[in-house]
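Novice:
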């Protein structure tokens, strides 16, 4: 990622200037001499040591962090003994940072002692519970930073009890029992400081080893010697003065941690007597049912786990508290009024007819902070309970969707038996961000849909893998798809930074039955049933929510969070900006943090937040921004206002500005406005008013499509189905055309339209493993050019204007896309020239659509697409048909045949030369393997190539058949090309990902369900199966479509045998081109296989009957509808047209031209 590349410039630099402090290797006797602390911090005359750690000019006095760092160093011992043991991870640096930790613990002890003494002045009073509007600025009581924490004196007796057994805090007025609690504070702070200092300390370790300053026979001994030298007072002073920015970060972390911890303890003491009556003491060890505790408060505090969430507002984070009696409690250092009002709303919701009751998190709202019960994961007792869990989760999804909730990922939900318990609702009434302002209607619709909530599966995609972070599909123990910094050879002088995939441990968001986490895809129907019930309940009782006095108005003055960027952007930047090169001068680190002002780290969804983001990162915090649903003012975690109030346009119908499915009824136009300027309350009220059956059905489709990614069904395999074969009667062309029109009508109804552009929400297959719900991009396989091609074919045969209009509007973003790519030549290689996942397929689709519709404007767009494809073919790594050079070759030939463009022929020649010179791949299939490459070379040989291309093509086809035979028999092929063309598959996946990424292409142009029951059928062996993409059917089609191959006895013998076997395969589970009935029909109907005609007739009849009976079955898990060409509705419709009109509609799988002109000259107007 960009921040890593810009920051991670090495791990070995130089030591701090010798003048900063006593250098390593000085006389030990000299280092034992006590000297004033100031002597350790001498620098050039008139320049304080801490000045390079400051940004924005010299302050009037010594900063608070510098005072703390100086005092911490002064408390360090003159010599240190490092225990002779192993030090895993970063634990070996603990002694170096111990003076900082102990100084923070001592400061914490003093603060708590002062608060305890203040108890004599009167009882503490907790913050008020506010129901009405809060007057004044955005933060009613600003965050307490530093000094005695002014929340009033302690009431209710001591919070911690017992002696402090170690360190300087052992003395003083703290009551007995605090050693465990303060031990937690030390351990957690030590881990935090080690992470901050690790890169600098490892740099110093390497430099000390290089200079021979470390003693010891082995690597571990030398590491311990480095720790001993650096942990001494003079060594620590040298570190701090040499890296003043590091000193600032360490001291700030200590100050913030102590203040936040003390604040919690004081608040706990003040609120003890309120906790049990509020019902937040929800779990006691040994309680069989987790019932609430009695009227007594919790026992003695015995443990605190800080950092249960991200750090905000000066080091404050959620803390988990443990008490001696087994009680556990959650402390949240932010207002909980929104959660309290959500509980009220959920109680009302559960009382509505048909809506399931929801278990809520009990909270005690104390104004600026609050307490919440600790909810423990509990398994389900039966399948029935698990089904109830998912039904409730669907209802919860409906409620959160109505409230504009977002960012509700797997860590925000606990599975407690049959109840999904939401533990965080800080992002309700969230403003529209990112794609909400997109020109792509599908992107806008997806952003405004249930998908935005975060409960439904959503993938975090890396270079080689993906991870679901959602509350429904996420939570599995897995590796992160994004590499993070880690440490090799810890505890030795070879310790170094490495990049590894991080690990996610299993979360508690999925219900368990019999010790096994539930498969969400098996409960899609229950999820949708709950959503439907919840949606209908809200819609039918919306009057109780709306207007003054309605339940929504309870939230008007509550503080809610706004998330302008993914949190991982901040956490990564915090971690990466501790590089030692940035620790000497704050201006250097400021430059790196200022990357937030550039597109390298993404553009924030809210303008003008960058200054506050950088300020909060300097405090070691994840930046936080807040607003109130009743207004539009935005403020940061520091309390500073970022955006002032905007005009209240709550009377406008925001629903009418959202793109809706084409099947939705027309709505009156609203006055022009930006929904982002409305208050959260106004937006939610408008959404609730607009809820109707059409919208509910659209949301249910999105739910089922999103659930595809949770399916255990193999993502891309031919599967036998349970459909009965039809009678051996050839279907009439008009019957097939009627069925294709039904598919076209369904496609049009699923489209989102806005201001002359049409697009669909589709399913993108990443790396042949992961399905992702996304707005369709430009590629032919799964992008909007596929539906445009089918609709143009349908328009050419029927003369229906709505199909022609849909095709044209689908291609509306292409001119901007091509213009944008023209100026981004460095990105063409990853995009590739492939026929289905690259630029070649776009050029082919533009040529076909322009020809079919008689549209010169679209036809002319093929010119720049050809030029881009030619450039990409010379830069890409893949060689396959789908996403590589072979696909570019055949696409360019198709364009040349249709238009006579000379640049297309020249590009095809260069592609053929590249392929002929490349090693053969070790995969057999048509899409990415040897069969497709051989077919492409033979197509070129027949169009004007020479004998070299013919021979290379035949060699590739023979290899494909050998690989297929070996694969079916479980053998290896001798002499297989080892990995040279591994980029064929990788290139295809990369091409698909790039073209289907709206940020990469659509954005460049200014915008371009699981089954009820898991499939019981076992996927067929790909090598012998009926799939076009990677099966025997694709290899056979490559041979049948190549004149030169049909003259080869070996290949024709293989073709005859395999086509006969494939003709006898029973009906498949799906109708797709890629690995279903439509793709197999393309083979059996080929003119080179007249003997397969009876099988073609039978299968075509089966396809038609199945389409009439159950509708088209897409090649997706659960047969979920998808608009795309290879696995979706467009390809099935195209297959029906091919079956009925093979001489007029060209094969998309073979990139053949169509020969059916539009019956009338122009259908632009109805």
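Numbering (UniProt numbering), first residue to last: 1 to 1166. Positions of the beta carbon are idealized from the N, C-alpha and C atoms, including for glycine.
Which value, in whole angstroms, describes the spacing of the CA atoms of residue 780 and residue 360?
Specialist: If you number the chain shown from 1, residue 780 lands on position 780. If you number the chain shown from 1, residue 360 lands on position 360. So the two alpha carbons sit approximately 46 Å from each other.
Novice: Go through the segment 779 to 816 residue by residue and report every complete run of the alpha helix (DSSP H) that reaches 4 residues or more, in order.
Specialist: If we require 4 residues or more, the alpha helix (DSSP H) runs fully inside the segment 779 to 816 come out as 785 to 798, 801 to 810.
Novice: Pull up the distance between the alpha-carbon of residue 395 and that of residue 739, whole angstroms please.
Specialist: In the chain shown, residue 395 corresponds to position 395, counting from 1. In the chain shown, residue 739 corresponds to position 739, counting from 1. Those two C-alpha atoms are separated by around 36 Å.
Novice: Could you check the C-alpha separation between residue 224 and residue 217 for me, to the nearest Å?
Specialist: As a first step, residue 224 is located in the chain shown; it is residue number 224 there, counting from the start. As a first step, residue 217 is located in the chain shown; it is residue number 217 there, counting from the start. Going by the C-alpha atoms only, they are around 11 Å apart.
Novice: Look up residue 874 in the DSSP assignment and say whether it is helix, strand or coil.
Specialist: Position 874 of the chain shown holds residue 874. Residue state, collapsed to three classes: helix.
Novice: What residue range does the alpha helix (DSSP H) around residue 911 cover?
Specialist: Counted from its first residue, the chain shown places residue 911 at position 911. 902 to 917 is the extent of the alpha helix (DSSP H) around residue 911.
Novice: Below 8 Å on the Cβ atoms is my contact criterion, and I expect residue 763 with residue 705 to pass it. Report the Cβ-Cβ distance as a whole number of Å.
Specialist: As a working mapping, residue 763 is identified with position 763 in the chain shown. As a working mapping, residue 705 is identified with position 705 in the chain shown. Indeed, because the Cβ distance is near 6 Å, the residues count as touching under 8 Å.
Novice: Looking only at C-alpha atoms, which of 246, 252, 108, 402 sits nearest to residue 68?
Specialist: In the chain shown, residue 68 corresponds to position 68, counting from 1. Of 246, 252, 108, 402, the residue nearest in Cα terms is 252.
Novice: Do residue 803 and residue 442 have their beta-carbon atoms positioned less than 7 Å apart in this structure?
Specialist: Translated into positions along the chain shown, residue 442 becomes position 442. Translated into positions along the chain shown, residue 803 becomes position 803. It is not a contact, given that the beta carbons lie outside the stated cut-off.
Novice: What do you reckon, are the CB atoms on residue 1078 and residue 1132 nearer than 7 Å?
Specialist: Counting from 1 along the chain shown, the entry for residue 1078 is found at position 1078. Counting from 1 along the chain shown, the entry for residue 1132 is found at position 1132. Contact: yes.
Novice: Where residue 808 and residue 446 are concerned, what is the direct C-alpha to C-alpha distance, given to the nearest angstrom?
Specialist: As a first step, residue 808 must be located in the chain shown, where it is residue number 808. As a first step, residue 446 must be located in the chain shown, where it is residue number 446. Distance between the alpha carbons of residue 808 and residue 446 is about 22 Å.
Novice: Quick check on DSSP: helix, strand or coil for residue 1043?
Specialist: Taking the chain shown and counting its residues from 1, one reaches residue 1043 at position 1043. Here residue 1043 sits in helix by DSSP.
Novice: Contact defined as beta carbons within less than 8 Å: I believe residue 849 pairs with residue 927. What is the distance between those atoms, to the nearest angstrom?
Specialist: In the chain shown, the residue the question calls residue 849 occupies position 849. In the chain shown, the residue the question calls residue 927 occupies position 927. In fact, because the Cβ distance is near 23 Å, the residues do not count as touching under 8 Å.
Novice: Report the start-end ranges of each alpha helix (DSSP H) in the segment 375 to 457 that is 4 residues or longer and not cut off at the edges.
Specialist: As far as the segment 375 to 457 is concerned, its whole alpha helix (DSSP H) runs of at least 4 residues are 383 to 402, 441 to 447.
Novice: Among the candidates 852, 537, 730, 593, whose CA atom is the shortest distance from the CA of residue 1096?
Specialist: The sequence position of residue 1096 within the chain shown is 1096, counting from 1. Measuring from the Cα of residue 1096, the nearest candidate turns out to be 730.
Novice: First and last residue of the alpha helix (DSSP H) that includes residue 234?
Specialist: Here residue 234 refers to the residue found at position 234 when the chain shown is read from its first residue. 233 to 242 is the span of the alpha helix (DSSP H), which, as asked, contains residue 234.
Novice: Between the Cα of residue 880 and those of 1061, 930, 306, 377, spot the shortest distance and give me the residue it belongs to.
Specialist: Position 880 of the chain shown, counted from the first residue, corresponds to residue 880. Checked all of 1061, 930, 306, 377; the closest Cα to residue 880 is 930.
Novice: Please determine, among 541, 815, 478, 206, the residue with the shortest C-alpha to C-alpha distance to residue 351.
Specialist: As a position in the chain shown, residue 351 is number 351, starting the count at 1. For the residues 541, 815, 478, 206, the minimum Cα distance to residue 351 belongs to 541.
Novice: Determine the closest residue to residue 215 out of 229, 1147, 369, with distance taken between C-alpha atoms.
Specialist: As a position in the chain shown, residue 215 is number 215, starting the count at 1. If we check each option's Cα against that of residue 215, 229 comes out closest.
Novice: Within 10 angstroms of the Cβ of residue 341, are there 16 or more other Cβ atoms? Answer buried if so, exposed if not.
Specialist: What you label residue 341 is simply residue 341 of the chain shown in a count that begins at 1. Classification of residue 341: buried, given that the 10 Å Cβ count is 16 or more.
Novice: Tell me the DSSP secondary structure of residue 772 in three-state form.
Specialist: One-based indexing of the chain shown puts residue 772 at position 772. Correct three-state label for residue 772: strand.
Novice: Could you check the C-alpha separation between residue 593 and residue 853 for me, to the nearest Å?
Specialist: Numbered from 1 along the chain shown, position 593 holds the residue referred to as residue 593. Numbered from 1 along the chain shown, position 853 holds the residue referred to as residue 853. The straight-line gap from Cα to Cα measures roughly 52 Å.
Novice: With DSSP as the reference, please indicate the residues paired to residue 503 in a beta bridge.
Specialist: The residue given as residue 503 occupies position 503 in the chain shown. Paired residue(s): 479.
Novice: Can you check which of these residues, 335, 698, 417, 53, is closest to residue 366 by C-alpha distance?
Specialist: Taking the first residue of the chain shown as 1, we reach residue 366 at position 366. Ranking 335, 698, 417, 53 by Cα distance to residue 366 puts 335 first.
Novice: Is residue 752 helix, strand or coil by DSSP?
Specialist: As a position in the chain shown, residue 752 is number 752, starting the count at 1. Strand.
Novice: Between which two residues does the beta strand (DSSP E) harbouring residue 310 extend?
Specialist: Translated into positions along the chain shown, residue 310 becomes position 310. From DSSP, residue 310 is part of no beta strand (DSSP E); its letter is neither H nor E.
Novice: List the endpoints of the continuous beta strand (DSSP E) containing residue 761.
Specialist: Position 761 of the chain shown holds residue 761. That run of the beta strand (DSSP E) goes 761 to 766.
Novice: Reducing DSSP to helix, strand and coil, say where residue 625 ends up.
Specialist: As a position in the chain shown, residue 625 is number 625, starting the count at 1. Residue state, collapsed to three classes: strand.
Novice: Mind checking which residues open and close the beta strand (DSSP E) that includes residue 634?
Specialist: Locating residue 634 in the chain shown gives position 634, where the first residue counts as 1. 634 to 636 is the span of the beta strand (DSSP E), which, as asked, contains residue 634.
Novice: Hey, is the segment 240 to 248 in contact with the segment 509 to 516, meaning 3+ C-beta pairs nearer than 8 Å?
Specialist: The segment 240 to 248 vs the segment 509 to 516: no contact.
Novice: Quick check on the DSSP output: the alpha helix (DSSP H) that includes residue 1070 runs from which residue to which?
Specialist: As a working note, residue 1070 is residue 1070 in the chain shown. Careful: residue 1070 lies outside any alpha helix (DSSP H) and carries neither H nor E.
Novice: What number of angstroms, rounded off, separates the C-alpha of residue 746 from the C-alpha of residue 887?
Specialist: Residue numbering aside, residue 746 sits at position 746 when the chain shown is read from its first letter. Residue numbering aside, residue 887 sits at position 887 when the chain shown is read from its first letter. Going by the C-alpha atoms only, they are around 30 Å apart.
Novice: Which residue comes first and which comes last in the beta strand (DSSP E) that contains residue 49?
Specialist: Within the chain shown, the letter at position 49 stands for residue 49. It is not in any beta strand (DSSP E) - residue 49 carries neither H nor E in the DSSP assignment.
Novice: Work out the CA separation of residue 1109 and residue 1049 for me, nearest whole Å.
Specialist: Taking the first residue of the chain shown as position 1, residue 1049 is located at position 1049. Taking the first residue of the chain shown as position 1, residue 1109 is located at position 1109. So the two alpha carbons sit approximately 43 Å from each other.
Novice: If you count every other CB in all the chains shown that lies within 10 Å of the CB of residue 511, and 16 or more means buried, which is it?
Specialist: As a working note, residue 511 is residue 511 in the chain shown. Residue 511 comes out buried.
Novice: Please look up how many angstroms separate the CB atoms of residue 471 and residue 409, rounded, as I've assumed it's under 8 Å.
Specialist: Along the chain shown, read from residue 1 onward, the residue named residue 471 stands at position 471. Along the chain shown, read from residue 1 onward, the residue named residue 409 stands at position 409. With a Cβ gap of about 6 Å, residue 471 and residue 409 count as contacting.
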